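Numbering (the working numbering), first residue to last: 1 to 140.
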């Protein structure tokens, strides 16, 4: 597992470039929610506007959302694990059902080597992650 420094330097989400816009947004949102749960230190302080109203803190380092072919996602995951990044992955089965129990059961039937993903997040050191995702474009 990733050994977190006091604060991660970079956070990227890479989604399947062939997903429809709604499914790509869903994948990024699901992954981002899990990043927030795993790394609560990434949430910045509460924002206060000029009227004195509070707004929830956001991630100060930002989250870049990139696109890659589905066949590339497993390779990105592998490289991230080798580089000791924290990984949040979203297997394709998560968008094939609306029941989490069915999702859990479907994933349990697939080996790690055969797993396909709709999205992957890498959280960790800036230089390490930048090298892994250097040739990827922003999600459009």
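All residues carry an ideal CB built from backbone N, CA and C; glycine is no exception.
As the structure is a prediction and not an experimental result, all values here were calculated from the model.
- Which residues DSSP lists as bridging residue 125, in chain order: In DSSP, residue 125 forms no bridge with anything.
- Query: With a CB to CB cut of under 8 Å and the five nearest residues on each side skipped, what residues in its chain are close to residue 132?
  - Reply: 76, 79, 80, 83, 85, 122.
- Would you report the Cα separation of residue 4 and residue 125, rounded to the nearest angstrom? No answer about residue 4 holds up, because its pLDDT of 43 lies below 50 and its placement is not dependable.
- Pick from 91, 64, 97, 52: whose alpha carbon is nearest that of residue 129? 64
- residue 97 versus residue 59: straight-line alpha-carbon distance, rounded: In a straight line, the C-alpha of residue 97 is about 30 Å away from that of residue 59.
- Message: So for residue 49, helix, strand or coil by DSSP?
- Response: coil
- Residue environment, residue 14, which counts as buried when at least 16 other CB atoms sit within 10 Å: With 16 or more other Cβ atoms within 10 Å, it is buried.
- State yes or no: is the C-beta of residue 66 within less than 8 Å of the C-beta of residue 139? yes
- To the nearest angstrom, report how far apart residue 116 and residue 11 are at their CA atoms. 21 Å
- Task: Check whether the stretch 102 to 112 touches the stretch 37 to 51, taking contact to mean three or more Cβ pairs, one atom from each stretch, closer than 8 Å.
- Result: Taking a cut-off of 8 Å on C-beta distances, the stretch 102 to 112 does not touch the stretch 37 to 51, as fewer than three cross pairs fall below it.
- Message: Using a Cβ-Cβ cutoff of less than 8 Å, which residues in the same chain neighbour residue 49 once the five nearest sequence positions on both sides are dropped?
- Response: 55
- Query: In the stretch 46 to 102, which residue ranges form an unbroken alpha helix (DSSP H) of at least 4 residues, counting only runs that do not cross its ends?
  - Reply: 70 to 82
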